[in-house]
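For the sequence shown, position 194 (counting from the first letter as 1) is numbered 177 according to our numbering, and the numbering increases by one without interruption. All C-beta atoms, glycine included, are put in the ideal place defined by N, C-alpha and C. Notes to accompany the following structure.
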Amino acid sequence: MQGHVLAFEEAAGFGGAFIDLRHIALELVKRGVRVTVARSWDGPGWEPLRDAGVTLLKHPKSMVSDRLYERGDVPRHVRKVVFAAEVGLTAGTVGGYYAAWGKRHGVTHIFNNNGIIHNVAGVAAAKMLGVPLLCYVQGIADGTSGFRRIVGLADTVFCVSKTTEDSVLAQGADPSRTRLLYPGVDLPSAADAAPRPADGRVRVGMVGMFMPWKGQIAFLDAFAPVARAHPEVDGFLYGRLPSGAQRGYRDEIFAAIERLGLSSRVQVVEDRSEASRIFPEVDVSVHCSTQPEPFGRVVIEAMSYGRPVIAGPGGPSEVIDQGVNGFRIDPADVRGFTATLERLVSDGALRGRVAVAGREHVARHFTYPAVLGSLFDRLRETGVDLGPT
-16 MQGHVLAFEE AAGFGGAFID LRHIALELVK RGVRVTVARS WDGPGWEPLR
34 DAGVTLLKHP KSMVSDRLYE RGDVPRHVRK VVFAAEVGLT AGTVGGYYAA
84 WGKRHGVTHI FNNNGIIHNV AGVAAAKMLG VPLLCYVQGI ADGTSGFRRI
134 VGLADTVFCV SKTTEDSVLA QGADPSRTRL LYPGVDLPSA ADAAPRPADG
184 RVRVGMVGMF MPWKGQIAFL DAFAPVARAH PEVDGFLYGR LPSGAQRGYR
234 DEIFAAIERL GLSSRVQVVE DRSEASRIFP EVDVSVHCST QPEPFGRVVI
284 EAMSYGRPVI AGPGGPSEVI DQGVNGFRID PADVRGFTAT LERLVSDGAL
334 RGRVAVAGRE HVARHFTYPA VLGSLFDRLR ETGVDLGPT
């Protein structure tokens, strides 16, 4: 059969989850599959999908319980009660709407991008339609009873990394229904991935949403001794606040820059998110989430641009071969973190060797469409004709 995939997207905006969905949708369309996306936000990033023939529907935005979580001052038991009520309402109303829409338009599969809980309408619609429910989990499973119940309803749970898969299995998921689905990149040309022109400076960049667990403060603490010892080194923080979330953290970042005497050495850049406008500007890329990272797309993006990477625990450990194509660190170990930074900024030859190995590794293992093999296999197993393998 041709196949018609109805995908649900409720990401915060133009981030890793959206980039993954965009590639998935475009590759499926190339293979003759109809794709419809129920999305919760608008923006120019959707234009390539519309131009390729993807149908775009407007999906209700994140729930009230999300807003309560973002505030950070609402008791957990209150959030749980609100969330439970919303799940029931969403399943019965929004899910019913999409089930009726899917029946009229011949939907054969539901694909929940970026999780299960937040796309409960997709779960309900799949069960009402009697079609396979494919869920892409791009975060660490949080152990809530809601997640455990809903994950049991998925026909296949795709996980963004082994780290994420382990967390899903720990919540009781059926191992026979989980599969790895790593993110990928479009490999930049050799010219775009060339080293930055020599100017006597060494630029160290960190990319990530301005959220406490992403580790901007940990980076600044480790970077400060390096900046004092190396006047030729500059730091850059690329990122922004998620919409409506933890607004005080941005102030904490600027306060830390001031406290550590880095006002003239660290620049905060909030006006760009595209890899092509970030990594060509830096010589070293740092990713130092203080909690295990589900995957860390910016790690493979930096490596694809030939930039040596320092990264923290979680998904990045599945990409980095220590000292060969990058460096793994513990963000809580400030001395060790600083020592790794010191080693890279001091040794241009080392930066070059690691950069080459990193780019080669990404080219072999993390490019589109090769990374989508497990998804294509599952669609074929459920009757979708994707053409020659």
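One alpha carbon belongs to HIS270, the other to VAL190, and they sit about 7 Å apart. Within the region 275 to 337, the complete alpha helix (DSSP H) segments of 4 residues or longer fall at 280 to 287 and 317 to 329, listed in chain order. If you look at THR19, you'll find it in the beta strand (DSSP E) that goes 17 to 22. Counting every other CB atom within 10 Å of its CB across the protein chains shown gives GLU(-8) a total of 16 or more, marking it as buried. A residue is called buried once 16 or more other Cβ atoms fall within 10 Å of its Cβ, and THR161 is buried on that count. With a minimum length of 3 residues, the unbroken runs of beta strand (DSSP E) contained wholly in the region 130 to 184 fall at 139 to 142 and 161 to 163.
Pairing GLU325 with VAL317, the inter-Cα distance amounts to about 12 Å.
Restricting attention to PRO371, GLU10, TRP24 and ALA137, the CA atom closest to the CA of GLY155 is found in ALA137. In the DSSP assignment, ASP3 falls within the unbroken alpha helix (DSSP H) covering -1 to 13. Taking C-beta separations shorter than 6 Å and ignoring five residues to either side along the sequence, the partners of PHE262 in its chain run ALA285, TYR288 and ARG290, following chain order.
Per the coordinates, the alpha-carbon of GLY135 lies some 27 Å from the alpha-carbon of HIS6. Within the same chain, THR19, GLY85, VAL90 and ILE93 come within 6 Å of LEU(-11) by CB-CB distance, once the 5 residues on both sides are set aside. Shown here for ILE2: same chain residues with a beta carbon closer than 8 Å to its own, the five before and five after excluded, namely PRO166 and ARG280 in chain order. Pairing ARG248 with VAL168, the inter-Cα distance amounts to about 31 Å. The residue from SER357, VAL120 and ALA207 with its alpha-carbon nearest to that of SER246 is ALA207. Rounded to the nearest angstrom, the Cβ distance from THR273 to ILE293 is 14 Å, too far for a contact under 8 Å.
According to DSSP, residue pairing for GLN250 in a beta bridge involves PHE219. Under the Cβ criterion (8 Å, minimum of three pairs), the region 114 to 134 does not count as touching the region 15 to 30. Counting along the chain, the unbroken beta strand (DSSP E) around GLU(-8) starts and ends at -13 to -8. Across the structure, ARG33 and SER256 are spaced so that their CA atoms are roughly 21 Å apart.
Each of GLN121, ASP125, ALA83 and PRO31 was checked against the Cα of LYS110, and the nearest Cα belongs to ALA83. Burial state of PRO171 is buried, judged by a 10 Å Cβ sphere holding 16 or more other Cβ atoms.
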